[in-house]
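Structure first, commentary second.
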Amino acid sequence: MITIAIVLSIVLLLVILFLLFRIGTLASIFRGSSERAAGTTKTSNRVNGTLLLLFLFGGGAAFAWSFIASWDEMNQPLASVHGDWTDSLFWTTMIIIGIVFVITQILLFLYSYKYQHKDDKRAYYYPHNNKIEIVWTMIPAIVMALLVFGGWQTWTKITSAAPQEAIVVEVMGKQFNWMVRYPGPDGELGVAKTTLITATNEFGVDFSDRNAMDDFMPMQIHVPKGKPVLFKIRSRDVIHSVFLPHFRVKMDAVPGMPTKFWFVPTKTTQDMRNETGNPDFNYELACTEVCGRGHFAMRFILVVDEEEEYEEWLAAQTPFVEQNPDVLAKFSTEAPEQIVLGESTEKKAEEVKTEL
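Each residue of the sequence shown is one higher than the one before, counting from 51 in my numbering.
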């Protein structure tokens, strides 16, 4: 905060100095003193040119300092396979744009100082040059085309179909929290309908669907290291956005339009705690779409386990219908054979194992 206050104070001081010189120039002109006005104008131009030059060096130094100081915050440790592709594309684009930005800003401020008004100078009239126009049109066009093509290739790889063995996790955003649902031993999520949403059945799962009987809804997301994970994303009310910075995962959750994103985690939560030196480190799923007054509360913990640990966690989960038997009452007339709690889920699991 102190640094920001200092920078703002310097900028404000420069603006005040500029305005004072401008006021002096205008006052001289209105008084009709042409010689004094001309002298003031020369002084004002010289001072403005010098201030612009100082701003170039001061602003450049401040930019470099802020960039270096924020490097670790800007570059969160990477923990997914496709994140490397994303980072490479991002920094390639930033380097090219950064070089052009630095060159143009240096020329802009240098020219403002070098070509300030002088009585013995006259502007050179340069009407047209086809070669120069072709060059400065074609070079940016080619560079932009290459960047777009590289981005398209990266995006195509990221959004390709998930492997068949991918672990499926349904992620639903609602004001103002996230909810997740896993398929049980059958590997299939049950059907969900907005018309079935209640205070208990917040996903709106249709428990007359046999596949829904072993679905479970944990308080944390657990995924295994080195295995593909498919997020099936949806929203219950407004637009939210699934963001996992360490995995370079970002995808909107749009009401009425299911989206998806798959990734392969490469570091367990414990690996990241060791790497960062923070024993309390956790991967977090955040919402990056301002979705209302409680937007700040939309955080959800994601744990990356070793495969053995993940299997242990998975085996310890209890189907939602066993935790909430009352939710089945409204479906009893539709599928009575599935309402025998415990037996139906166990029988279904056995059937699946037999088929496999």
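Idealized CB from N, CA, C, for every residue including glycine.
Provide the residue span of the alpha helix (DSSP H) that contains GLY148, from first to last.
Along the sequence shown, one-based indexing puts residue 148 at 98. Unbroken alpha helix (DSSP H) run through GLY148: 131 to 164.
Give me the Cβ distance between GLU220 and LYS181, rounded to the nearest whole Å; I'm assuming they're in contact under 8 Å.
Here residue 220 refers to the residue found at position 170 of the sequence shown. Here residue 181 refers to the residue found at position 131 of the sequence shown. GLU220 to LYS181, Cβ: 59 Å. No contact.
Are the CB atoms of THR368 and PHE266 nearer to each other than 8 Å?
Along the sequence shown, read from residue 1 onward, the residue named residue 368 stands at position 318. Along the sequence shown, read from residue 1 onward, the residue named residue 266 stands at position 216. Yes. Within cutoff.
DSSP three-state assignment for PRO274, whether helix, strand or coil:
Numbered from its first residue, the sequence shown carries residue 274 at position 224. When DSSP states are grouped into helix, strand and coil, PRO274 belongs to the strand group.
What does a CB cutoff of less than 8 Å around TYR163 pick up in its chain, not counting 5 residues either side in sequence?
As a position in the sequence shown, residue 163 is number 113, starting the count at 1. Within its own chain, the residues whose Cβ lies closer than 8 Å to the Cβ of TYR163, once the five positions on either side in sequence are excluded, are GLY99, THR100, LEU102, LEU103, listed in chain order.
Runs of beta strand (DSSP E) lying entirely within the segment 333 to 373, each at least 3 residues, in chain order
Whole beta strand (DSSP E) segments, 3+ residues: 333 to 337, 349 to 355.
Just verifying my parser: in three-state terms, what is the DSSP assignment at PHE266?
Translated into positions along the sequence shown, residue 266 becomes position 216. Strand at PHE266.
Quick one, are the C-beta atoms of ARG227 and GLN166 less than 8 Å apart?
Position 177 of the sequence shown, counted from the first residue, corresponds to residue 227. Position 116 of the sequence shown, counted from the first residue, corresponds to residue 166. It should be pointed out that residue 227 corresponds to Asn in this sequence rather than to Arg. Result no, Cβ atoms of ASN227 and GLN166 do not sit closer than 8 Å.
Presumed contact (8 Å Cβ cut-off) between PHE350 and LEU335, rounded CB distance:
Taking the sequence shown and counting its residues from 1, one reaches residue 350 at position 300. Taking the sequence shown and counting its residues from 1, one reaches residue 335 at position 285. About 4 Å; that satisfies the 8 Å criterion.
Please name the residue or residues paired with SER291 in a DSSP beta bridge.
Here residue 291 is taken as the residue at index 241 of the sequence shown, counted from 1. In the DSSP output, where bridge partners are listed per residue, SER291 has ASP302.
Assign SER130 to buried or exposed, taking buried as 16 or more other Cβ atoms, counted over all protein chains shown, within 10 Å of its Cβ.
Within the sequence shown, residue 130 is the residue found at index 80, counting from 1. Label assigned to SER130: buried.
Apart from the five residues just before and just after LEU252, which ones in its own chain have a Cβ nearer than 7 Å to its Cβ?
By 1-based counting over the sequence shown, the position of residue 252 is 202. In the sequence as presented, Leu is not what sits at residue 252; that position holds Glu. For GLU252, same chain residues with a beta-carbon under 7 Å away, outside a window of 5 residues either side, are MET229 in chain order.
Thinking just about the alpha-carbon of each residue, which of GLU339, GLN155, LYS243, LEU364 is nearest to the one in PRO235?
Indexing the sequence shown from 1 puts residue 235 at position 185. Checked all of GLU339, GLN155, LYS243, LEU364; the closest Cα to PRO235 is LEU364.
Hey, how far is the Cα of VAL421 from the Cα of PRO268?
Outside the shown range of the chain (51 to 406) lies residue 421, about which nothing can therefore be said.
Mark LYS154 as exposed unless 16 or more other C-beta atoms lie within 10 angstroms of its C-beta, in which case mark it buried.
Stepping through the sequence shown from its first residue, residue 154 is reached at position 104. The question names Lys, but residue 154 in the sequence shown is Thr. By the beta-carbon neighbour count (other beta carbons within 10 angstroms, threshold 16), THR154 is exposed.
Comparing alpha-carbon positions, which option in ARG284, TYR360, ILE189 lies nearest VAL273?
Within the sequence shown, residue 273 is the residue found at index 223, counting from 1. When each option's Cα is compared against that of VAL273, the closest is TYR360.
Looking at C-alpha atoms only, which residue of GLU339, HIS296, GLU362, GLN203 is the closest neighbour of LEU128?
In the sequence shown, the residue the question calls residue 128 occupies position 78. LEU128 has its Cα closest to that of HIS296, out of GLU339, HIS296, GLU362, GLN203.
Among GLU357, MET263, ILE149, which one has its Cα closest to the Cα of GLU238?
Mapped onto the sequence shown, residue 238 falls at position 188. Measuring C-alpha to C-alpha distances from GLU238 to each of GLU357, MET263, ILE149 identifies MET263 as the nearest.
Just to confirm before moving on: does the CB-CB distance between THR316 and GLY276 stay below 8 Å?
As a working note, residue 316 is residue 266 in the sequence shown. As a working note, residue 276 is residue 226 in the sequence shown. Yes, the pair counts as a contact, with Cβ atoms nearer than the cut-off.
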